[in-house]
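*Asks:* Submitted below is the structure of interest, expressed as structure tokens.
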Amino acid sequence: MELIDTHTHLDFPDFDADRQALLAESRALGVRRMVVLGVYQANWQRVWELVQSDPDLHAAFGLHPVYLDDHQPEHLSELGDWLTRLAGHRQLCAVGEIGLDYFIETLDRDGQQALFEAQLQLAADFDLPALIHVRRSHAAVIATLKRFRLKRAGIIHAFAGSKEEAREYIKLGFKLGLGGAATWPQALRMHRVLAELPLDSVVLETDSPDMAPAMFPGQRNSPAHLPAICAALADIMAISPEQLAAASTANACELFNWS
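Rendered as structure tokens:
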């Protein structure tokens, strides 16, 4: 069973003590490729150095809305410089993590929106998919994506929306990122949505080190947990883990233009 983890933060210090052992363990369990996402200007170099050390890692670069107060105006032009320099590199796969976060009420929404739109424009300019963070902001994100109509669309990370929101994203060409949050027994609404999602619209992810699944409560999440997440989600979707793994892997390969 071959799996792809479409959303990790493997550059975070949480993995400094055992990163290489963890990558080896994940591979032994069938996790063949992993996407590492940059979230602010200060970690892009670290992300790229990590990705360069391993041919099965792929990088995305972005300015995450949660770090809005840390982002400087020049970081946007630096992001453009990074994408220009790495254009066409086989290990650059997307713009992300970008998006809107309305859960943290102190984050300026106008500032987030301007930053989100500027980065969607970069995704369009460089013909890259966008990896999108959405918390309590589905309506605003959907409205924005309808205006941009990205050719290569992207992934809605940690999708936890309604059936109707899922339909809107799918119509726009986006894949829905599914991970640990949906494995919890109390995520009943999400379970109902999962059961109705078309298989060609989903990809698997961990968000390591965050969003640990129900099987590993309170633990650091990691790509090594992806097979267990796949099995738990497949059970909710009433399909086999092999079916879900094959669909997710095919969808990720199509999105990222991986052969």
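Under my numbering, think of the first position of the sequence shown as 21, with each following residue one higher. Think of the CB as a built atom: it goes at the ideal place given N, C-alpha and C, for glycine as much as any other residue. Since this is a predicted model, take the numbers as computed values, not measurements.
Under a Cβ-count criterion, where at least 16 other Cβ atoms within 10 Å of its own Cβ denotes burial, should Ile-124 be classed as buried or exposed?
*Replies:* exposed
*Asks:* When you compare the segment 114-128 with the segment 139-157, are there three or more beta-carbon pairs, one atom per stretch, that lie closer than 8 Å?
*Replies:* yes
*Asks:* Can you check which of these residues, Gly-181, Leu-96, Gly-238 and His-158, is closest to Leu-140 by C-alpha distance?
*Replies:* Leu-96
*Asks:* Following a CB-centred definition, is Gln-111 positioned closer than 7 Å to any heavy atom of the ligand ZN?
*Replies:* Of ligands this structure carries none, so the ligand ZN is not represented either.
*Asks:* By Cβ distance below 6 Å, which residues in the same chain neighbour Ala-265 in space, the five residues on each side in sequence not counted?
*Replies:* Met-21, Leu-23 and Cys-250
*Asks:* Say whether the segment 123-137 touches the segment 217-237, bearing in mind that this needs 3 or more beta-carbon pairs closer than 8 Å, one atom from each stretch.
*Replies:* no
*Asks:* Mind checking whether Asp-128 and Leu-88 have CB atoms under 8 Å apart?
*Replies:* yes
*Asks:* The beta strand (DSSP E) spanning Glu-216 covers which residue range?
*Replies:* No beta strand (DSSP E) contains Glu-216, which DSSP labels as neither H nor E.
*Asks:* Rounded to the nearest angstrom, what separates Ala-202 and Pro-243 at their Cα positions?
*Replies:* 16 Å
*Asks:* Under a three-way DSSP split, which group does Asp-230 fall into?
*Replies:* Correct three-state label for Asp-230: coil.
*Asks:* Between the Cα of His-211 and the Cα atoms of Leu-170, Leu-253, Leu-142 and Ala-178, which residue gives the shortest distance?
*Replies:* Leu-253
*Asks:* If you draw a straight line from the alpha carbon of Arg-169 to that of Glu-185, how long is it in whole angstroms?
*Replies:* Put simply, the backbone Cα of Arg-169 is about 16 Å away from that of Glu-185.
*Asks:* In whole angstroms, give me the CA-to-CA distance for Gln-263 and Asp-255.
*Replies:* Going by the C-alpha atoms only, they are around 11 Å apart.
*Asks:* With a threshold of 6 Å on Cβ separation, who are the neighbours of Arg-66 within its own chain once the five nearest residues in sequence on each side are excluded?
*Replies:* Around Arg-66: Asp-31.
*Asks:* Using a Cβ-Cβ cutoff of less than 7 Å, which residues in the same chain neighbour Glu-98 once the five nearest sequence positions on both sides are dropped?
*Replies:* Gln-61
*Asks:* What do you get for Thr-26, buried or exposed, if any count of 16 or more other CB atoms within 10 angstroms of its CB means buried?
*Replies:* So Thr-26 counts as buried.
*Asks:* Can you look up Phe-126 in the DSSP assignment and give me helix, strand or coil?
*Replies:* Looking at the sequence provided, one finds Thr at residue 126 rather than Phe. Judged by DSSP in its simplified three-state form, Thr-126 adopts coil rather than helix or strand.
*Asks:* Could you give the uninterrupted runs of the beta strand (DSSP E) lying entirely in the segment 92-144, keeping only those of 3 residues or more?
*Replies:* 112-121
*Asks:* Which residue comes first and which comes last in the beta strand (DSSP E) that contains His-158?
*Replies:* It is not in any beta strand (DSSP E) - His-158 instead sits in the alpha helix (DSSP H) that spans 158-168.
*Asks:* On the DSSP letters alone, give me the boundaries of the beta strand (DSSP E) that Leu-49 sits inside.
*Replies:* Leu-49 -> no beta strand (DSSP E), and no H or E assigned at all.
*Asks:* At what residues does the alpha helix (DSSP H) containing Lys-191 begin and finish?
*Replies:* Secondary structure note for Lys-191: its alpha helix (DSSP H) is the uninterrupted segment 183-191.
*Asks:* Where does the unbroken beta strand (DSSP E) through Val-59 begin, and where does it stop?
*Replies:* Here Val-59 belongs to no beta strand (DSSP E), and DSSP marks it neither H nor E.
*Asks:* Leaving out five residues before and five after Ala-267 in sequence, what residues of the same chain have Cβ atoms less than 7 Å from its Cβ?
*Replies:* Leu-219, Asp-220 and Val-222
*Asks:* If Gly-181 sits next to Phe-194, beta carbons under 8 Å apart, how far is it from one beta carbon to the other, in whole angstroms?
*Replies:* Contact flag wrong, Cβ pair sits at about 11 Å.
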